Amino acid sequence: MFIDTHCHISQEDYDNIDFVIKENIESGIDKIVVSLCSKESIEEGIEFPMKYPMIYLTLGYHPEEVLSINDQDLETLKQLLLSTPHVVGIGEIGLDYHYDKSTREEQILLFKKQLALAEELHLPVVIHSRDATKDTIEILKQFSVRGIIHCFSGSYETAKIYQSMGFYLGIGGVVTFQNSNLVQVIEKIGLDFIVLETDSPYLTPHPFRGKKNSSKYIPVIAEKIAEACNTDLQTVAEITTDNAVKVFDFT
Ligand code: NI
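Take 15 as the starting number for the sequence shown in the numbering used here and just add one per residue.
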């Protein structure tokens, strides 16, 4: 059994969500954690777990949403985190300097406010960090939080820093890309701090690139990790599922 610790589901991306969920279950996926990280996606997805018991949620405001979020929205987030069944964390939150550097200050402020909320509510965080490793590490160190570095693609040294801070690394389709150095990093760090994720509908693993991603491809990612760690698929399934259960309280 596998857990997809990070994906996105919306009607806009999938015409038939019932069918996608059925396919995921048939592929050995036990639980999927859907990241609702904008006001719109939260509104659409907050009731997914009622209909699909395998779905768990993380709620938060993505750095790209920064200009549309005010303090009232943060209060709404807090209330939803406290009252929604199957909520297991805050995310994805963080810093994205890739496209737009002009909102850095605002992003940092929003990130800190959500980390404070995680601290207050004792919830794990799912971190989005793009071209912002240095600031991300510096800010995370100011809070007593734990969780997952989503879509980790950094160096071995960066992996070790996150590991020493109590974070797990979310590994997805990128590990199957030919130009990725992630395999070498995973060879060295092993399975102890790895969780599986698809980030679907984005980042479809090789050889399915071009198709829409879905949690059903988790075994493809796991197979690549098994190769890197010189072990078998079953072991990767067991250890990464254990890791995911340590991060998120699925009860
Ligand atoms: Ni994502």
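Quick reminder that beta carbons are idealized off the backbone N, C-alpha and C, glycines included.
Please read all numbers here as calculations on a predicted model, not as lab measurements.
Identity of the residue in the options nearest residue i by Cα
i, options, result
"Pro-99", "Ala-240, Arg-118, Ala-258 and Glu-61", "Glu-61"
"Glu-37", "Val-261, His-20 and Ser-229", "Ser-229"
"Lys-45", "Glu-119, Thr-212 and Ser-52", "Thr-212"
"His-76", "Leu-109, Ile-185 and Gln-93", "Leu-109"
"Thr-245", "Leu-205, Met-179 and Gly-74", "Leu-205"
"Phe-191", "Ile-239, Val-80 and Phe-262", "Ile-239"
"Ala-173", "Leu-183, Cys-165 and His-164", "Leu-183"
"Ser-169", "Gly-161, Ser-158, Leu-217 and Ser-194", "Ser-194"
"Ser-41", "Pro-233, Lys-260 and Leu-154", "Pro-233"
"Arg-144", "Ser-158, Glu-133, Arg-160 and Ile-122", "Ile-122"
"His-20", "Ser-116, Lys-226 and His-164", "His-164"
"Val-188", "Ser-178, Glu-26, Lys-92 and Val-199", "Val-199"
"Lys-92", "Thr-117, Glu-120, Tyr-113 and Glu-133", "Glu-133"
"Leu-50", "His-22, Met-68 and Ile-39", "His-22"
"Leu-81", "Met-64, Ser-116, His-112 and Gly-161", "Ser-116"
"Lys-260", "Gly-180, Leu-196, Ile-185 and Gly-186", "Gly-180"
"Ala-146", "Glu-171, Ile-175, Gly-161 and Tyr-111", "Tyr-111"
"Ile-175", "Leu-196, Glu-152 and Ile-185", "Glu-152"
"Ser-167", "Gly-161, Val-197, Leu-154 and Lys-148", "Val-197"
Cutoff 6 Å; reference residue i; Cβ partners in own chain excluding five residues on either side
i, result
"Glu-201", "Ala-242"
"Pro-221", "none"
"Ile-35", "Tyr-66"
"Pro-79", "It is Glu, not Pro, that sits at residue 79 in the sequence shown. Cβ within range, chain order: Ser-52."
"Leu-129", "Phe-157 and Val-159"
"Pro-215", "Asp-27, Lys-226 and Asn-227"
"Gln-177", "Phe-207"
"Asn-257", "Tyr-182 and Val-209"
Neighbourhood of residue i by C-beta, 7 Å cutoff - its chain only, sequence neighbours within 5 removed
i, result
"Lys-127", "Leu-88"
"Phe-264", "Lys-45, Tyr-70 and Val-102"
"Ile-83", "Tyr-75 and Leu-124"
"Thr-150", "Gly-108, Leu-109, Ile-141 and Ser-143"
Any chain B beta carbon closer than 8 Å to residue i
i, result
"Ile-232", "Among the chains in the structure shown there is no chain B, since it carries only a single protein chain."
Neighbourhood of residue i by C-beta distance below 8 Å, restricted to the same chain and skipping five residues each side
i, result
"Ala-236", "Phe-16, Leu-210, Leu-247, Val-250, Ala-251 and Thr-254"
"Ser-24", "Ser-55, Glu-58 and Gly-59"
"Leu-95", "Leu-73, Val-101, Ile-104, Leu-131, Leu-135 and Leu-137"
"Gly-224", "Thr-218"
"Val-48", "Cys-21, His-22, Ile-23, Gly-59, Phe-62, Ile-69, Tyr-70, Leu-71 and Thr-72"
"Ile-43", "Met-15, Phe-16, Ile-17, Asp-18, Met-68, Ser-229, Lys-230 and Ile-232"
"Glu-120", "Val-80 and Leu-81"
"Phe-262", "Thr-19, Val-47, Tyr-70, Val-102, Gly-103 and Pro-138"
"Ile-203", "Tyr-170, Ala-173, Lys-174, Gln-177 and Leu-183"
"Gly-186", "His-20, Cys-165, Leu-210, Glu-211, Thr-212, Asp-213, Leu-217, Pro-219 and Ile-235"
"Lys-155", "Met-179"
Beta bridge counterpart(s) of residue i as assigned by DSSP
i, result
"Val-140", "Gly-105 and Ile-162"
"Gly-184", "Val-209"
"Val-48", "Cys-21 and Leu-71"
"Phe-157", "Answer is none; Phe-157 lacks a bridge partner."
"Phe-16", "Ile-43"
"Lys-225", "Arg-223"
"Asp-110", "Arg-144"
Fill in: Stretch-stretch touch, CB-based, cutoff 8 Å, three pairs: the stretch 23-31 with the stretch 77-97
no
Worksheet item: How do the stretch 134-144 and the stretch 100-109 stand: do at least 3 beta-carbon pairs fall below 8 Å, yes or no?
Response: yes
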